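Notes follow once the structure below has been shown.
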Amino acid sequence: MRMSAFFLPTLKETPTEAQIVSHRLMLRAGMIRQTSAGIYSWLPLGWRVLRRIEQIVREEQDAAGAQEVLMPTIQSADLWRESGRYDDYGKEMLRITDRHEREMLYGPTNEEMITDIFRTFVKSYRQLPLNLYHIQWKFRDEIRPRFGVMRGREFLMKDAYSFDIDAAGAKRSYQAMFLAYLRTFARMGLKAIPMRADTGPIGGDLSHEFIILAETGESGVFCDKQWLDLDVLAEAPNHGDDLQAFFDRFTSIYAATDEKHDADDPSTPKDLVSARGIEVGHIFYFGTKYSKPMNAAVAGPDGEPVLVEMGSYGIGVSRLVAAIIEASHDENGIIWPDAVAPFKVGLINLKPGDAETDRVCGDLYAGLGASGVDVLYDDRDERPGVKFADMDLIGLPWHLVVGPRGLKNGTVELKRRATGAREELSVEAALAKLIA
RNA sequence: CGGGGCGUGGCGCAGUCUGGUAGCGCGCCAGUUUUGGGUACUGGAGGCCCCCGGUUCGAAUCCGGGCGCCCCGACCA
Numbered sequence: 000m001r002m003s004a005f006f007l008p009t010l011k012e013t014p015t016e017a018q019i020v021s022h023r024l025m026l027r028a029g030m031i032r033q034t035s036a037g038i039y040s041w042l043p044l045g046w047r048v049l050r051r052i053e054q055i056v057r058e059e060q061d062a063a064g065a066q067e068v069l070m071p072t073i074q075s076a077d078l079w080r081e082s083g084r085y086d087d088y089g090k091e092m093l094r095i096t097d098r099h100e101r102e103m104l105y106g107p108t109n110e111e112m113i114t115d116i117f118r119t120f121v122k123s124y125r126q127l128p129l130n131l132y133h134i135q136w137k138f139r140d141e142i143r144p145r146f147g148v149m150r151g152r153e154f155l156m157k158d159a160y161s162f163d164i165d166a167a168g169a170k171r172s173y174q175a176m177f178l179a180y181l182r183t184f185a186r187m188g189l190k191a192i193p194m195r196a197d198t199g200p201i202g203g204d205l206s207h208e209f210i211i212l213a214e215t216g217e218s219g220v221f222c223d224k225q226w227l228d229l230d231v232l233a234e235a236p237n238h239g240d241d242l243q244a245f246f247d248r249f250t251s252i253y254a255a256t257d258e259k260h261d262a263d264d265p266s267t268p269k270d271l272v273s274a275r276g277i278e279v280g281h282i283f284y285f286g287t288k289y290s291k292p293m294n295a296a297v298a299g300p301d302g303e304p305v306l307v308e309m310g311s312y313g314i315g316v317s318r319l320v321a322a323i324i325e326a327s328h329d330e331n332g333i334i335w336p337d338a339v340a341p342f343k344v345g346l347i348n349l350k351p352g353d354a355e356t357d358r359v360c361g362d363l364y365a366g367l368g369a370s371g372v373d374v375l376y377d378d379r380d381e382r383p384g385v386k387f388a389d390m391d392l393i394g395l396p397w398h399l400v401v402g403p404r405g406l407k408n409g410t411v412e413l414k415r416r417a418t419g420a421r422e423e424l425s426v427e428a429a430l431a432k433l434i435a
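Numbering (numbering that gives the first Met the number 0), first residue to last: 0 to 435.
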């Protein structure tokens with residue numbers, strides 16, 4: 000993409016409404032545009048990142064055996080009456096009336112709808128286990144939306160729902176999602192720590208919040224120091240393996256949000272890290288909470304109907320965009336982890352109009368593109384300072400700087416955004432390094 | 001929802017107390033200049049001053065009523 004043609008409305012100054020760094024940077028980098036409180040349009044740069052994140056989530060859900068569906072945003076109130084949640088959910092649910100005076104709602108979550116789909120089509124235990132997920136916009140009419148897309152009212156969420164014939168199966172489904180979550184966040188360059196969470200009326204140990212440590216996090220958290228150096232991907236087993244040992248290991252290292260933290264509990268380690276955290280995922284097992292009122296049962300081996308055991312598993316996809324920025328930025332702007340970067344390389348032409356510089360940039364742009372490398376080519380007729388500042392702001396992992404001064408010696412400069420490390424390379428070497 | 005604050009060109013703000021033809025910086029357009037970290041100069045475009053009503057010869061400014069947004073607290077991916 001040529002920057003001269005790319006719709007990238009960056010801002011030099013920070014809009015007053017933005018308080019936290021991710022919100023400020025998303026506005027300044029031209030990623031989003033607020034349309035009303037807690038509701039945002041995604042501009043090209045932001046949309047690219049959102050899609051990258053979404054795709055990682057999708058791949059890890061698929062790898063864990065979940066199957067993607069897509070349910071609507073608008074739901075009928077009837078389903079929610081059946082589960083009893085229509086009245087329980089309260090004002091957070093946006094209620095709508097259609098032209099026939101039918102009561103509808105903009106879905107804040109999809110347990111009822113997925114359970115309805117399930118009970119319609121699944122009739123035998125032999126069709127289990129089943130895990131269905133979708134990535135869809137949700138609406139929760141938060142009392143006070145804030146922090147940009149971190150706590151929006153409309154947000155993109157991945158929600159998965161597992162169905163099993165018994166509690167043991169449900170536990171295996173839960174463990175598979177637990178693993179998928181650790182892998183998902185690790186792939187995005189995040190350290191997400193699973194923390195014991197409130198299980199509600201079900202009890203047991205089967206609910207975890209996945210928390211990213213960040214100063215601007217909304218919850219206070221406590222965890223064992225060893226979490227800080229843990230390499231989850233290195234220890235992660237494969238799906239299909241027995242996950243019990245892995246699950247036991249990662250749930251035994253202490254981590255709790257302040258609601259669940261108990262400093263007086265003898266099992267609480269002394270060597271604790273106290274920090275702030277952002278919740279990016281939440282998984283829980285809830286048994287027959289929905290299958291019972293909605294009568295989602297299958298025939299068991301003996302032919303008798305059995306209520307299915309369910310769990311649900313959420314990831315805040317749009318929130319992750321902000322969470323990643325909170326975890327990865329500096330005073331100059333965003334630092335995208337490679338896996339979610341909107342472009343891999345920012346190619347800076349320091350002197351458009353200079354024949355040699357234009358030629359080399361053109362070659363690099365074409366060469367990278369031909370190898371499938373996403374490049375944002377700054378071919379604008381702007382001062383070098385403007386280009387450097389914009390490139391740092393939008394945080395692409397690699398900056399390839401081409402100007403007459405370097406070309407005199409046959410070199411271009413390659414800068415790593417995260418470290419600031421620069422090296423002078425020949426054009427061919429730079430190309431080879433970025434394609435590798 | 002309780003408490004606080006703010007709505008003035010795209011962004012950041014001044015002007016409001018004390019009514020009198022709407023201003024600054026950035027950005028944008030044109031030109032000159034400059035050319036490796038937001039260059040300088042000149043000229044220009046762009047505003048129902050959130051909305052409705054009232055007071056007044058005259059309202060961004062005063063009065064009444066709405067709406068929107070932000071911040072602090074209780075809830076959440």
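We put the CB at the ideal spot given by N, CA and C, even for glycine.
Remember, predicted model here, so these are calculated numbers, not experimental data.
The three-state reading of DSSP puts Val279 in strand, counting E and B together. Within the model, the alpha-carbon separation for Gly45 versus Glu81 is close to 38 angstroms. Remark: C-beta atoms of Met112 and Gln54 do not approach each other more closely than 7 angstroms.
Counting only runs that start and end inside the stretch 302-338, the alpha helix (DSSP H) elements of at least 4 residues fall at 316-326. In the three-state reduction of the DSSP assignment, Tyr85 falls in the helix class.
The bridge partners DSSP lists for Asn130 are Ser161. Cβ contact annotation for Trp79 (same chain, cutoff 6 angstroms, sequence separation greater than five): Tyr85 and Glu111, in chain order. Rounded to the nearest whole angstrom, the C-alpha separation of Asp163 and Ala169 is 5 angstroms. The beta-carbon distance between Phe283 and Leu178, rounded to whole angstroms, is 16 angstroms. This is too long to meet the 8 angstroms contact definition. For the set Ala354, Thr34 and Ile314, the Cα lying nearest the Cα of Pro144 is the one of Thr34. Under DSSP, Tyr180 shares a beta bridge with no residue.
About 4 angstroms separates the beta carbons of Thr410 and Glu423, which is inside the 8 angstroms limit, making them a contact pair. Under DSSP, Leu93 takes part in a beta bridge, and its partners are Tyr105. If the five residues before and after Ser370 are omitted, its C-beta is found closer than 6 angstroms to the C-beta atoms of Ile434, all from its own chain and listed in chain order.
Considering only Arg98, Ser172, Ile95 and Gly106, the residue with the shortest C-alpha distance to Leu129 is Ser172.
Non-local beta-carbon contacts of Thr356 in its own chain, meaning distances under 8 angstroms to residues more than five positions away in sequence, involve Asn348, Leu349, Lys350, Val401, Gly402, Pro403 and Leu406 in chain order. From the listed residues Gly345, Arg358, Ala326 and Phe342, the smallest Cα separation to Ser21 is found for Ala326. Taking 7 angstroms as the cut-off, the Cβ atoms of Ala166 and Glu308 count as close.
Taking 3 residues as the minimum length, the beta strand (DSSP E) runs contained wholly in the stretch 392-434 are 397-401, 410-415 and 421-425, in order along the chain.
Considering only Val359, Ala322 and Leu131, the residue with the shortest C-alpha distance to Gly188 is Ala322.
Under DSSP, the beta-bridge partners assigned to Ile38 are Ser35.
Straight-line spacing of the CA atoms in Pro304 and Leu49 works out to 42 angstroms.
DSSP places Met0 outside any alpha helix (DSSP H), giving it a letter other than H or E. Taking C-alpha positions only, Ser317 is separated from Ala417 by approximately 23 angstroms. A Cβ-Cβ separation of about 10 angstroms leaves Gly280 out of contact with Asp158 under the 8 angstroms criterion. A straight-line Cα-Cα distance of about 16 angstroms links Arg101 and Thr72. It is roughly 39 angstroms from the alpha-carbon of Tyr253 to the alpha-carbon of Leu104. With respect to Asp380, Lys386 sits apart: the two C-beta atoms are not nearer than 7 angstroms. Look at Arg143 here: in three-state DSSP terms it is coil, with no helix or strand label. Note that the stretch 330-347 does not touch the stretch 224-241; fewer than 3 beta-carbon pairs, one per stretch, sit closer than 8 angstroms. In terms of Cα proximity to Lys291, the closest of Arg57, Thr114, Trp226 and Lys343 is Thr114.
If you draw a straight line from the Cα of Phe5 to the Cα of Ile19, it comes to about 26 angstroms. Here DSSP, grouped into helix, strand and coil, assigns Phe120 to helix. Secondary structure note for Thr256: it is in no alpha helix (DSSP H), and the uninterrupted beta strand (DSSP E) holding it is Ala254 to Thr256. 7 angstroms or more divides the Cβ of Ala340 from the Cβ of Pro268. When C-alpha distances from Glu330 are compared across Arg27, Arg1 and Leu7, the shortest belongs to Arg27.
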